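One structure is given below, encoded as structure tokens.
Number of protein chains: 2
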Amino acid sequence: MAGPRWLDDHQQRAWRGHLAMTAQLQAQLGRRLQADAGLSFADFDVLVALSERDGPLRVQELADGLQWEKSRLSHHLARMQKRGLVERQDCPDDARGAFIVLSADGRRAIEQAAPAHVEAVRSLVFDGLDDRQVEAWAAISDEVLARVERDRAVGS
Amino acid sequence: MAGPRWLDDHQQRAWRGHLAMTAQLQAQLGRRLQADAGLSFADFDVLVALSERDGPLRVQELADGLQWEKSRLSHHLARMQKRGLVERQDCPDDARGAFIVLSADGRRAIEQAAPAHVEAVRSLVFDGLDDRQVEAWAAISDEVLARVERDRAVGS
DNA sequence: TGCTACTCGTTGACGTGTCATCGAACAGGG
DNA sequence: CCCTGTTCGATGACACGTCAACGAGTAGCA
Numbered sequence: 001m002a003g004p005r006w007l008d009d010h011q012q013r014a015w016r017g018h019l020a021m022t023a024q025l026q027a028q029l030g031r032r033l034q035a036d037a038g039l040s041f042a043d044f045d046v047l048v049a050l051s052e053r054d055g056p057l058r059v060q061e062l063a064d065g066l067q068w069e070k071s072r073l074s075h076h077l078a079r080m081q082k083r084g085l086v087e088r089q090d091c092p093d094d095a096r097g098a099f100i101v102l103s104a105d106g107r108r109a110i111e112q113a114a115p116a117h118v119e120a121v122r123s124l125v126f127d128g129l130d131d132r133q134v135e136a137w138a139a140i141s142d143e144v145l146a147r148v149e150r151d152r153a154v155g156s
Numbered sequence: 001m002a003g004p005r006w007l008d009d010h011q012q013r014a015w016r017g018h019l020a021m022t023a024q025l026q027a028q029l030g031r032r033l034q035a036d037a038g039l040s041f042a043d044f045d046v047l048v049a050l051s052e053r054d055g056p057l058r059v060q061e062l063a064d065g066l067q068w069e070k071s072r073l074s075h076h077l078a079r080m081q082k083r084g085l086v087e088r089q090d091c092p093d094d095a096r097g098a099f100i101v102l103s104a105d106g107r108r109a110i111e112q113a114a115p116a117h118v119e120a121v122r123s124l125v126f127d128g129l130d131d132r133q134v135e136a137w138a139a140i141s142d143e144v145l146a147r148v149e150r151d152r153a154v155g156s
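First to last, the protein sequences are chains A and C.
Quick note on this note's numbering: the first sequence kicks off at 1 and runs consecutively.
Quick note on this note's numbering: the second sequence kicks off at 1 and runs consecutively.
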């Protein structure tokens, strides 16, 4: 069972803690969002991205901003459109392309969902952490993200 | 757009960093696992749980250990059984129940996959963090996890 | 024994994510 | 203008996760 370079006890503990925490936190935030506003976590991310840069957005731009694969976004937008959360407009510059805009319902949904979601993030996460921990957390995430992206670039 | 109790800049930065990091890290580890051993992240978790407590395991025990919903586990075990990674035995004590055991292929798969996976976790995560950061990370995860579980208990 | 209530694990329906692939449209060089 | 290669976004097939519901078995109690 012992390969070379196993994890030491502290690393093991941190890693298992991270896995458990992310899974449970994600699930709980998702459940709340669903109960409060009928939105999934993914819906929320799309709506936030659309409302931040208000106005039509190309599918590819949206995918870049969300760091989603284009096919995932295409499927998701189709479902959201069917529910009336977003609308498509065709793109005069490029006949292949499509613009995505928030519908009135979509805007209503995000504006209604956001306060409760932010409050949930605050109460589940930040109310338990002091400033030093928040800084440390950001630094850790940045470091790991940088490594993952380097690795992704190499592997491709 | 300004509800009561928004996130401050540091919190915002930490939160977005966390979301991006977890998404990318999970995806990258999953891709590697898939490429190296033909396993998904979920397969890996199940196989680890089965190999840690060597021998037959009741479905519910497995679900508790993994913190998975029983239906998710049932679906997943069906797929893994179809691929020959696990086997079922019936349970003499309780005719409703089922025992799950690692198959020979399953054991081979986990033993082959584990070293590369651990090495990936090390190189993507822990090689970039010092001891103090690892401790801080574990403390943060524990604190958030405790809050989520309290919240989950209340809400139900 | 017979009744009720509960637990075990499975199932079906449905939303979601990934991969490979597609047709259509663009871009640039002959 | 045509040809070639690329990009845009959509699609089909399939793996995955959740919810509600189910049948079968168990436990408690009269």
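Glycine included, each C-beta is placed from N, C-alpha and C at the ideal position.
Predicted model, so just to flag it, every value in this text is computed and none were measured.
Helix, strand or coil at residue i according to DSSP, with G and I counted as helix
i, result
"C:A95", "coil"
"A:D9", "helix"
"C:L85", "coil"
"C:R107", "helix"
"C:D127", "helix"
"C:D54", "coil"
"C:L39", "coil"
"C:D142", "helix"
"C:S156", "With a pLDDT of only 46 at C:S156, under the threshold of 50, the placement of this residue in the model should not be trusted; the figure read from the coordinates follows. The answer is coil: DSSP assigns C:S156 none of H, G, I, E or B."
Residue-level contact to chain C via CB, residue i, 8 Å cutoff
i, result
"A:G128", "yes"
"A:R88", "no"
"A:H75", "no"
"A:R53", "no"
"A:G106", "no"
"A:R72", "no"
"A:L33", "no"
"A:L7", "yes"
"A:R58", "no"
"A:G17", "yes"
"A:S156", "Bear in mind that the predicted position of A:S156 carries a pLDDT of just 47, short of 50, making it unreliable; the figure below should be weighed with that in mind. It does not: the Cβ of A:S156 has no partner Cβ on chain C nearer than 8 Å."
Where residue i meets chain A, residues with beta-carbon distance less than 9 Å
i, result
"C:Q112", "None at all; the shortest Cβ gap to chain A is about 11 Å."
"C:E61", "The premise fails here: C:E61 is roughly 17 Å from chain A at the closest Cβ pair, so nothing lies under 9 Å."
"C:V101", "Ordered by position in chain A, no residue passes the 9 Å Cβ test against C:V101, which lies about 18 Å from the chain."
"C:D151", "Q28, R32, A120, S123, L124"
CB contact flag (residue i, residue j, <8 Å)
i, j, result
"A:L66", "A:G106", "no"
"A:L50", "A:L102", "yes"
"C:V86", "C:L73", "no"
"A:A138", "C:R13", "yes"
"A:E165", "C:L129", "A query on residue 165 of chain A cannot be resolved here, the shown segment of chain A reaching from 1 to 156 and no further."
"C:L57", "A:R122", "no"
"C:V206", "A:Q24", "This structure cannot settle anything about residue 206 of chain C, because the visible part of chain C is limited to 1 through 156."
"A:Q26", "C:D151", "no"
"C:I100", "C:R88", "yes"
"A:A136", "C:Q133", "yes"
"A:D36", "A:A113", "yes"
"C:A116", "C:H76", "no"
"A:F44", "C:Q11", "no"
Contacts that residue i makes with chain A (C-beta to C-beta distance below 7 Å)
i, result
"C:I140", "L129, Q133, W137"
"C:R13", "A138"
Nearest neighbour of residue i, chosen from the options [CA to CA]
i, options, result
"C:I110", "C:D54, C:R147, C:I140", "C:D54"
"C:S141", "A:D8, A:C91, A:A20", "A:A20"
"A:L124", "C:A146, C:D131, C:E119", "C:A146"
"C:R79", "C:G30, C:S40, C:T22", "C:S40"
"C:A120", "C:G17, C:G30, C:D64", "C:G30"
Minimum Cβ-Cβ distance from residue i to chain A less than 8 Å
i, result
"C:R83", "no"
"C:V48", "no"
"C:A42", "no"
Contacts that residue i makes with chain C (C-beta to C-beta distance below 7 Å)
i, result
"A:V144", "M21, L25, L124, V125, G128"
"A:V148", "Q24, L25, Q28, L124"
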